[in-house]
Structure formats: structure tokens, C-alpha cells
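Counting in the numbering used here, the sequence shown runs from 1284 upward without gaps.
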Amino acid sequence: MSHCILQIALDTPLDSVFDYRWPCAPGAEPQPGQLALVDFGRREAVGLIVAVKRETDVPAGKLKDAIAVRSQLSPLPERWLALASFAADYYQRPLGEVALPGLPKNLRVATTVPLDRAIKKLARLDVASDPAPAGMPVLNPAQQQAADAIGGAQGFAPQLLYGVTGSGKTEVYLQACAQVLAREPDAQILVMVPEINLTPQLEGNIRARFPGLLVATLHSGLSEGERMFSWLAAHEGRARIVLGTRLAILASLPNLKLIVIDEEHDPSYKQQEGLRYSARDLAVWRARQLGIPIVLGSATPSLESWHHAQTGRYRKLELRERAVKDAVLPRVRVVDTERDRPKDGLSSQLLAALRQRMERGEQSLLFLNRRGYAPVLTCEACGWISNCRRCSATMVLHKPEHRLRCHHCSLELRIPRACPDCGNVDLQPLGRGTQRVEEGLQAMFPQARILRIDADSTRRKGAAQAAFDTVHRGEVDILVGTQMVAKGHDFKKLTLVGVLNPDTALFSQDYRASERLFAQLMQVAGRAGRAGRVDGGSESEVLLQTRYASHPLYAAVASHDYDRFAGGLLAERKQAFLPPFMYQALLRAEARELAEAIAFLDMARTLVETDAAITINDPIPMTMTRVHNVDRAQLLVESSSRPALQAFLKVWLAALRAVKTRVRWSLEVDPLDI
């Protein structure tokens, strides 16, 4: 029997594919896109076949045989391989580091038992393929126009759905999906959300609307078996609608006809570890590749998407009013805490508003994007503060657990009985987190049903959804939460939002901080009054506590004026040569000593010659310089030309990979955090 050569991509930092020998019977050759089990070093690994050829330049004595080819799984489509190749090329990573982590873990293990189980389970599944929707509500004219524009679009058609909070964007998505499914018999639709806790509510809406279709969910909160089954259902075309977080953009969808990106502005769409890709940007590329429409929806679009809409690259669809009759945007009041001094973090105006809602049986939300009891524990006698010994950060006081915890390296310590420096036993918490606000509310409103939702209270699987269900059932009077509660949730009885301590973002060195703060405030404000006034209830209201009441950002929030705010920010960015008018890449270095990291970056600056199109800035320590006993620094590379930047990065990375160094380094294209 003759042999062929399989070129296989493996999940390794080495930027190459590897040749393996395989017996090829005529007409039964392996196909690109299939998975193969091979020996790699001292372990067995699953790789992706990217090419099949007859010859190799690997010496016969060094050429290994592949162990097995996963023939029970149909090959990944050619266009999926092209997507993985583009992502690897653009984000400057080896193909294997992109393609393999994009697959379920159970596909990447030596045994085929998990795959075989998923195949049998899918084969047993008896699901009709009836795309007829159920319970289609009547849309208002603006919604109908948007749904028709999305559902009726042909070819690559990027559209920005700009709709105020509560304007019915979800219903527009659903009815646009219905149009596509009715027109395309085998169509698949990808719907993406930024965070796991947003999937249950939207999944329920999709399943209720399309009871005759298989709906699959993909996110990191699933068990490996669940993720394997959902991925396989999508890959085989059985799942007609796939709902997921950022990892879903790398799902195999052979009949993809529409992509929906909800809350497209959210930074969670950017992967912050390993392959640092933007799922939103890859989704736009994938839509262009397939020649299909894509809709990006948000009440506070990213400046990049807004700029594309302003310049005509995206079509802008607008929903300027709330969808529910009599529901209007909440009135925003800016509370000057220099005049109305807070008690236990709450101003007299906010306390009065809370009491009013309690009396009327309505719900309130207090938003504070800082978990724990207090950001720091301090000794007023000598000035000691609870610094983390491994990071350039303070350890956060978690009073219920009697712990000091670093939110960066996860170091935990018992709360000291006395100051480690001077022995003073009167240690005091400084500042407020959600736990301390909850404690204060319990003292001020002993009869109130208070619930805290943050990363600490929802650690167990299913805890977040159980908490949100409690709120939806009306069993909560006051909800205290972080950004987990700020977007996507439709609380029918919630009429008051109180925002505590948003001022820290005003002074961040990150140029995106004001954009993020504005989006966060608009999103959390949008939780109020979504169902309109019920039985003569209160007017929905947002109280924003700040020491800087005259700041223009808060004025823009109070007037719900995203257009003017975005226009002003874009003008500033253009003048300062910042994205979206400039393209960036960030080289990070980690070492035991900061000087070593800086020295490596200094060397990297001069490694290859540059032209006028490329600007390499000086290396600087990262904002959070030390994490887990490792010092970190960064080097920013900029260009007004994306092709010029990409060309430079390819040459630069090749030179960097040839350097022998103890410094750990990584490159991020289009960084969000600088």
C-alpha cells in the first residue's frame, strides 16, 4: 500500500506544520480538516490535517507514522480552515495555537470515547427542523424596518443596530432570524453575547420562539460533554441556531447565513489570554468571507463601529424609543456628594428614593463595580495598608470570609489581629465594596429583601442564574451588584438605579476609560423602567453619586446623548492619533526584575529596521507592574497603515523568536488595555 504525507498543525508555539506518514488506499485518502492522533515529543497529541501530499523533505529515518485519523468526524470545512488561518496570520500566532484551542477539549484527547458518545447522542436526538416561529409580537415601525433590513439583506452586509436600552433589539434579532430561516431551508445562525450570564435569558427567548429547531449553546461554563455535543450539533448542521460567547466564533458552522453580535461594544469579546483575538472583529471577517449579513447591536456602540457607521462602511439602523408602550428612558439625576455627604456610602437623596420604592413594592438596584468588603485594610496609627506581597496591588478585605484576598494573584491571608508594623489592634477598612454596601443596607432597611450579585456570590455553577431568577420573580427589594447586573437583563419591576463611586475611571491613564465608563453607566441606567409605569408606579430614575457633578461625561449620561459624546471622543482620538485612526500592537515582557524586562524591550526596539510608517515607543512598566512575583513592562508599536503594521510585525516576530532570553514575552495585535 502506498503512503501519503499528512501535514499536521499542532497546538505548539512552533510556527510550523509537521509531516507524518499515513497509508493511503486509493479513494480513501485523509482530507484536510480531519483530526489525527500523532506522537509529538514524548506525548501523544491530536492535530489538524491541513494538507495531504505525496512527498516530504523530512529524512526517512526521522519521519513518524500518524497513529490514527478521526474518520468518524466529517472534515472541518475549507472555509473554517481559512478562518483559522486568517486569525493566525492577523494575530501573529502559529496555526495550531489558533485552530486546536478553538475545538472542544474532548476532541483533543487521545481517546475517541467522548466523540463517539456525542455522535450516538446526536443520532438518537429526534428534533424536528421546523423553522416556523411561535408567538411573533407586532413590532413598532422602527423595529420592523430594522428587522426587514437585517433579515432581507443579501451578501456581505454589516449593519450597526443602535438602539437605546429597552428599545427591543432582541425582538429585532429574533424576527430577522425568522426571515432568514424561512428563506434558507438549511440556514444556520450564530448569535453572540459577551458574557455567560447573559445566555440563559436569551436562550429561553430563542427556544420559545423557535420550538421546532435544535438550538445549541457554546460557552466556557458548559461541561466538556455539553460543549462537545453542542459543537458537534453545529458542525453537522443539525443545530440551526448557535448561541455563544466569544469562543463560539470559532465554531464549525457549514451553513452559516447570519451573524448577530449583541452588546458589540463589550470588551469581553476580546480574549485576554493565549490567542488575544477579538471575536467581534473575526465575526465581521467571517461574514465578509462567507458573503452573509452581520448585525452588531448596542445602546453604546464601540467607537470603532460608530466610526464605521459614520463613514459608510456599516449601515446604521436606529431604535430611538423604548419598545414597551409608555416606557421612557429613566430620568438621570447627578448627586453631588460634596454637598450631600453619603452615610454608609448612600446620599440622603438615594436613601429617600430607596424608601419610596420599598413602600411601592418596586425594585431598586445599587451598582458598584468593586467586589469585596473594602478595597484595603489600613492602620490609622502608622499608615500600614494591606498590600499584596506578590503584586503591586492592595489585598481586598472580604469580611464574611475573614480573609484578605488579592484579586490579581489570588493570594489569601487571614485578617491580622493587629497591625503587622506597629501592633495597633484598631485596623479599619478603607473604601467600599459590594459586601460593605450590602451590610449597610441590612442595617438601614432590616425588613428589606437584599441580594448581592457579584463574582464572589455566584462562584458555584448555576448560582448566577438562580440569583437572577430570584430577582425576576420579584423576591428581591434591593439588588446590589457589579457589572454582572449592568447589561442585558430585563428586570420588570426595577424602577430605581443608584450608581456608587464611578469617579475612579475619570482619572485612568487608559484612553478608553471614559468610553467604557459612559457605556457602563448607560447600560446600568437602562435596567430601570423597562416595563413602563405599572398601576401608577414611580417614574424610573437613576441617581448617580459623584464628587464631580459638573463633569461633561455625567452631563452626557444625564441627557442620554450618546451621539454627541461619541462625536466628541472621536474628534479627540483623531487629534491624538489614537484608534480607530491608528493601528497598534503591544509587546509585553515578564521577568523577575523590572530592569530585565525593560532591557529586553529596549533590545527589541532595535532588532529590525523600521520606516516612517512605523512608530515604536519607549518601553514602560505596565500599570499593574508586579503580579505573582513577576515584573511586567510593555512596548507599543503604532502605524496609520494596518498593512504596514502587519508586514513589520511578521519580520519583527521572526527576529524576536530567534533571540535566546529568559524573559517571557507575548505580542497582542489591536490591544484594548494599554
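C-beta: ideal position from N, C-alpha, C; glycine also.
**Asked** Any idea which residues DSSP pairs residue 1978 with across the strands?
**Response** One cannot answer for residue 1978 here, as it falls past the ends of the chain, which runs 1284 to 1957.
**Asked** Are residue 1319 and residue 1289 close, meaning C-beta to C-beta below 9 angstroms?
**Response** yes
**Item:** Distance between residue 1679 and residue 1905 (C-alpha atoms, nearest Å)
**Value:** 21 angstroms
**Asked** In its own chain, which residues sit with a C-beta less than 7 angstroms from the C-beta of residue 1925, not counting the 5 before and 5 after it?
**Response** 1866
**Item:** Residues near residue 1341 by beta carbon distance below 7 angstroms, same chain, minus five either side
**Value:** 1302
**Request:** Hey, could you find the ends of the beta strand (DSSP E) residue 1379 is sitting in?
**Result:** Residue 1379 -> not in any beta strand (DSSP E); alpha helix (DSSP H) instead, spanning 1378 to 1382.
**Message:** Using only the alpha-carbon positions, how far apart do residue 1413 and residue 1517 sit?
**Reply:** 17 angstroms
**Asked** Does the segment 1649 to 1669 touch the segment 1718 to 1738, meaning 3 or more C-beta pairs lie closer than 8 angstroms?
**Response** yes
**Asked** What runs of the alpha helix (DSSP H), each 4 residues or longer, lie entirely inside the segment 1896 to 1949?
**Response** 1925 to 1940
**Asked** How would you label residue 1477, buried or exposed, when you count the other beta carbons within 10 angstroms and need 16 or more for buried?
**Response** buried
**Request:** Sort 1676, 1700, 1930 and 1541 by Cα distance to residue 1690 and report the nearest one.
**Result:** 1676
**Message:** Taking 8 angstroms as the limit between beta carbons, can you name the residues of its chain near residue 1438, skipping five residues before and five after?
**Reply:** 1574, 1575 and 1576
**Prompt:** Beta-carbon separation of residue 1757 and residue 1603 under 9 angstroms?
**Reply:** no
**Segment limits, beta strand (DSSP E) that includes residue 1650** = 1646 to 1650
**Within the segment 1656 to 1702, ranges of the beta strand (DSSP E) (whole runs, at least 3 residues)** = 1659 to 1662, 1679 to 1681, 1686 to 1688 and 1695 to 1697
**Request:** Might you give, ordered along the chain, the residues of its own chain that have their beta carbon closer than 8 angstroms to the beta carbon of residue 1436, omitting 5 neighbours on each side?
**Result:** 1442 and 1576
**Asked** The beta strand (DSSP E) spanning residue 1303 covers which residue range?
**Response** 1301 to 1306
**Request:** Measuring alpha carbon to alpha carbon, tell me which of 1899, 1891, 1929 and 1882 ends up nearest residue 1945.
**Result:** 1882
**Message:** Tell me the residue span of the alpha helix (DSSP H) that contains residue 1584.
**Reply:** Premise fails: residue 1584 is in no alpha helix (DSSP H) and is neither H nor E.
**Message:** For the segment 1765 to 1776 against the segment 1735 to 1748, do three or more pairs of beta-carbon atoms, one drawn from each stretch, fall closer than 8 angstroms, so that the two count as touching?
**Reply:** yes
**Message:** Please give me, in chain order, every unbroken run of the beta strand (DSSP E) with length at least 3 that falls completely inside the segment 1727 to 1798.
**Reply:** 1733 to 1736, 1761 to 1764 and 1777 to 1782
**Item:** 9 angstroms Cβ cutoff met for residue 1547 and residue 1588
**Value:** yes
**Contacts around residue 1737, its chain only, beta-carbon distance under 7 angstroms, and the 5 residues preceding and following it disregarded** = 1654, 1717, 1764, 1765 and 1767
**Message:** With a threshold of 6 angstroms on Cβ separation, who are the neighbours of residue 1928 within its own chain once the five nearest residues in sequence on each side are excluded?
**Reply:** 1866 and 1922
**Request:** Could you tell me whether the segment 1461 to 1477 touches the segment 1377 to 1395, where touching means 3 or more Cβ pairs closer than 8 angstroms?
**Result:** no
**Item:** Cβ-based burial, residue 1532 [other Cβ within 10 Å; buried from 16]
**Value:** buried
**6 angstroms Cβ shell around residue 1596 - same chain, five flanking residues per side excluded** = none
**Request:** Check residue 1588 in the structure and name its three-state DSSP category.
**Result:** helix
**Message:** Between which two residues does the alpha helix (DSSP H) holding residue 1885 run?
**Reply:** 1877 to 1888
**Message:** Checking the sheet assignment: what are the DSSP bridge partners for residue 1867?
**Reply:** 1921
**Request:** For the segment 1933 to 1949 and the segment 1884 to 1892, state whether three or more C-beta atom pairs, one from each stretch, are separated by less than 8 angstroms.
**Result:** yes
**Asked** Hey, would you say residue 1794 sits closer than 9 angstroms to residue 1859, going by beta carbons?
**Response** yes
**Message:** I need the DSSP call for residue 1311, collapsed to helix, strand or coil.
**Reply:** coil
**Request:** With a 10 Å radius around its C-beta and 16 neighbouring C-beta atoms as the bar for buried, classify residue 1875 as buried or exposed.
**Result:** exposed
**Asked** In this structure, does DSSP put residue 1317 in helix, strand or coil?
**Response** coil
**Asked** Does the distance from the C-beta atom of residue 1896 to that of residue 1931 stay below 9 angstroms?
**Response** yes
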